[in-house]
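Student:
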């Protein structure tokens, strides 16, 4: 029987890896996928808690989160298409219009 | 129970490994594939946690739809193998790595201190046999969480419209990919 | 009782406002009418109140009117109030009377001047300020008048301000006066701080109880007030402005620098006699400074060639006499001389003005001569004034000057040395005044032919005032004829209640004279002695400047060095310039270039630069780089979680 806390640790680890991915990577696609990874890590945590407390509400919640992730991915990718059309690159460092 | 432990650790290693490899790839297609590996591993973990419906959904929706969408976009924009020049950020990669480690540690602490009330270290509730099955989740969805459920459908509609609007090509736009 | 005393200064104020506001818009005749009428009305009211005063019994001769409370501020209460007692009566009559005469004279003298309206405006303002000064019932209001006359002095000295020497002289007068005023204010502070009021009656009542007689505080206060007096009344060390003040129009010199403004210091000391009697050390200082100035200025006058300069130094010298009188506790004698001096000095200046007017602007006596025939009225009035100033018996100056000399000799506060110096100075006065007469009016005519043709006697509007003053110069002294010559010395008696604080009572002196004819004899001997000395010096002047002019030249050559010293006024101005003014200017330059520009500007500019640099340093934070933002995000999250964890 695996101690249930291990799942939580795993979830935390995945979340941290996602964070590294966001701040280290220069490729926009990678960044986006890392964000999805973070979402998934959170999902894992919810499922774990749901299992801990014997409550199925967590599953419903994850269901919703999954849906939101799908919607977000669609819109995000659409934006990325537009960015690529305008800038011909997906190097995150090139998008510095916020400068000054 | 040993088999459970083995399954857990295998799936865990796969999940983590997939994630790490995903970040380190130059080729975005490879990244997507590693991510799918990680997702499948996570689905195994879900199943082990008796979240049958959600685990299946993960594979169908996430790995099946979202990642395929990613692949489509990557191939559409012909994004393979772009060489990136030096980073412009002043904060070095090492510092960022350290930051993330710190973050992770903090999360562990949260888990340890806040989440667990004293006395309930490894405990798991007794669960029903049908815990996590389609029937059970669906029942909850359509009873207690009907309103959010309907809202998500509207959310999806909005996302579709939004995506189409954003990515639509101007009439006068001649350049760019398809 | 309450009478409208404010009427006295009111009319010149109205005159000032009318002439000032309507400057250039009204014809000259109206300007002169407004100006002279306002002073005339002051004189009339002054006379009226004088008779009112006389109708009061001797001990209660004081009319006080309070117009309103000017500064009612907690413990510091000052009113606009007027005090009319014998002392202010004398001053008001002298000031308004002589001012009136000089106003009439100015109509003629300034007739062709483009600044006619401006002149009378300033002159009225001056009379107003001077009347406020002498009528004030408290020190602060007196100081207002004090400053006012200083301002008018500046305005009128620099009247022809396009001429650099005139504007410089005006500035010099004002600045030197300011130094004196600084002392005056400090004295006022000491008085107020200890007594709690600046009201004359209050101060003079309380002072003997509050200050220790002869103590440091009262000595300091009185010496500081005296410092103000040396500035205003041109004594050592602050007399240097008066000779330069001759740049102004001659009637101004007559009014302000002979008859009225310069006497403010003497008035102030006489008014404060209670305080001065409590500080014998200050009295000694006053007497010494007074007599030293008298002698000092007299010696300078011996060698001057400009007619107005001679008279200016003569004024300084005579003022010295007045202060000497105060210094030997003979305050009423000082005021007496103030009055007679006002008459004959004003006359001397107006006469000089008449001469200058007739000579088309020439002021150097070496180019004059023989004007006796050409300008007879001017000559005779001038001669009368000269006889008065030298102290020829019968004329006003004799009685007043002799009173001072006698009191210097006999008073408890006097000394024989003071008397001796005073006597010698009287001789010198005779000498330089008659030198002036002989050079100007007698002898051969040394002016060029062009000027010679145009010499003319002045118009009546100028000569009538001369004659009026001449009459006053003769009879003005007759109210002060001392007992020893058979007179009743009404003047001293009249002022006695005001000087009572001096502890010097006329009856006591009368008693002394009656009981011991001894001192009466001494007085007569001294009087005779001074007359003899004066006559000797007059003869000397006659010899050198009329009979045997070559001898004067030889005398000058043999005493060449001394003559240079006297002619150059002991080079005091140059001394002040080097010792005081130069270092001050250098100090200011230093402060400006180093302190202001380098330090302060540097500090401010440095501050601005610092902020600019700081912001320039912070700007790179806005990199626009998304990932950096995300990293910082993470950092923030870590901190927050850490904080929550650690709580």
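Residue numbers (my numbering), protein chains in the order written: chain E, 123 to 222; chain P, 897 to 1074; chain F, -11 to 635. For every residue, glycine included, the Cβ atom is placed at its ideal position computed from N, Cα and C.
#1: Starting from the C-beta of residue 330(F), find all residues in its chain whose C-beta is less than 6 Å away, skip the five residues before and the five after it, and write them out in chain order.
#2: When the Cα atoms are used, what is the spatial distance from residue 25(F) to residue 348(F)?
#3: Put residue 148(F) into one of helix, strand or coil per three-state DSSP.
#4: Can you name, in chain order, every residue of its own chain whose Cβ lies under 7 Å from the Cβ of residue 383(F), other than the five neighbours on each side?
#5: Just to make sure I have the definition right: I need the residues of chain P whose C-beta is within less than 9 Å of the C-beta of residue 191(E). Which are they?
#6: Give me, in chain order, the residues of the same chain whose beta-carbon lies closer than 7 Å to that of residue 144(E); leave out the 5 immediate sequence neighbours on both sides.
#7: Of the residues 154(F), 303(F), 298(F) and 401(F), which one's Cα is nearest the Cα of residue 220(F)?
#8: Please name the residue or residues paired with residue 60(F) in a DSSP beta bridge.
#9: Counting pairs of beta carbons, one from the region 169 to 178 of chain E and one from the region 942 to 950 of chain P, are three or more of them closer than 8 Å?
#10: Note down the Cα distance separating residue 444(F) from residue 336(F), rounded to an integer number of angstroms.
#11: For residue 993(P), would you say it is in contact with chain E, using Cβ-to-Cβ distances shorter than 8 Å as the test?
#12: Kindly list the residues whose CB is nearer than 6 Å to the CB of residue 687(F), restricted to its own chain and excluding five residues on each side of it in sequence; keep chain order.
#13: Please name the residues in the region 191 to 207 of chain E whose beta-carbon is closer than 9 Å to at least one beta-carbon of chain F, in chain order.
#14: Less than 8 Å separating the beta-carbons of residue 291(F) and residue 555(F)?
#15: Any chance you could list the alpha helix (DSSP H) runs of at least 4 consecutive residues sitting entirely within the region 293 to 350 of chain F, in chain order?
#16: What are the start and end residues of the alpha helix (DSSP H) that includes residue 149(E)?
#17: Let me check understanding here. Comparing Cα to Cα, which of 529(F), 116(F), -8(F) and 198(F) lies closest to residue 181(F)?
#18: For residue 619(F), decide whether its Cβ has a neighbour in chain P, counting only Cβ atoms nearer than 8 Å.
#19: How big is the Cα-Cα spacing for residue 381(F) and residue 387(F)?
#20: Starting from the Cα of residue 192(F), find the closest Cα among 416(F), 146(F), 178(F) and 260(F) and give me that residue.
#21: What are the partner residues of residue 124(F), as DSSP defines its beta bridges?
#22: Does chain F have any CB closer than 8 Å to the CB of residue 1033(P)?
#23: Quick one: grab the DSSP three-state call for residue 53(F).
#24: Between which two residues does the alpha helix (DSSP H) holding residue 920(P) run?
#25: For the alpha helix (DSSP H) that residue 1031(P) lies in, which residues bound it at each end?
#26: Evaluate residue 502(F) with the Cβ neighbour count: other Cβ atoms within 10 Å of its Cβ, from every protein chain shown; 16 or more gives buried, anything less gives exposed.
#27: Between the Cα of residue 429(F) and the Cα atoms of 539(F), 295(F), 89(F) and 548(F), which residue gives the shortest distance?
#28: Apart from the five residues on each side of it in sequence, which residues of its chain come closer than 6 Å, Cβ to Cβ, to residue 129(E)?
#29: Residue 615(F) versus chain E: which residues are under 9 Å apart at the beta carbon?
#30: Can you tell me the Cα-Cα spacing of residue 209(F) and residue 176(F), whole angstroms?
#31: Does residue 654(F) have its Cβ less than 8 Å from a Cβ in chain E?
#32: Mind checking who residue 181(E) pairs with in its DSSP beta bridge?
#33: Taking 8 Å as the CB-CB cut-off, is residue 622(F) touching chain A?
#34: With a cut-off of 8 Å, does the C-beta of residue 1000(P) fall near any C-beta of chain F?
#35: Is there a Cβ of chain P sitting closer than 8 Å to that of residue 164(E), yes or no?
#36: Identify the contact partners of residue 141(E) in chain F, using a Cβ-Cβ distance below 7 Å as the criterion.
Tutor: Short version:
#1: 82, 86 and 247
#2: 29 Å
#3: coil
#4: 375, 376, 461, 462 and 465
#5: Counting only Cβ-Cβ distances below 9 Å, residue 191(E) has contacts in chain P at 957, 958 and 962, in chain order.
#6: 153, 156 and 157
#7: 303(F)
#8: Per DSSP, 65(F).
#9: yes
#10: 18 Å
#11: yes
#12: Examination of residue 687(F) is not possible in this model, given that chain F is present from -11 through 635 alone.
#13: Contacts with chain F (Cβ-Cβ distance below 9 Å) from the region 191 to 207 of chain E involve no residue at all.
#14: yes
#15: 295 to 315 and 319 to 346
#16: Where residue 149(E) is concerned, there is no enclosing alpha helix (DSSP H), given that its DSSP letter is neither H nor E.
#17: Answer by Cα proximity: 198(F).
#18: yes
#19: Computed Cα separation, rounded: 7 Å.
#20: 260(F)
#21: 70(F)
#22: Chain F, which has no Cβ nearer than 8 Å to the Cβ of residue 1033(P), makes this no.
#23: Strand, per DSSP.
#24: 898 to 920
#25: 1030 to 1039
#26: Here residue 502(F) scores only 48 on pLDDT, less than 50, and its place in the model should not be relied on; the value that follows carries that caveat. Burial call: exposed.
#27: Ranking 539(F), 295(F), 89(F) and 548(F) by Cα distance to residue 429(F) puts 295(F) first.
#28: 170
#29: 144, 145, 146, 147, 148, 153, 214 and 215
#30: 7 Å
#31: Since the first residue shown for chain F is -11 and the last is 635, residue 654(F) is missing from the structure and cannot be characterised.
#32: Answer is none; residue 181(E) lacks a bridge partner.
#33: In the structure shown, chain A does not exist; the protein chains are E, P and F.
#34: With respect to chain F, the C-beta atom of residue 1000(P) has no partner C-beta closer than 8 Å.
#35: no
#36: 622
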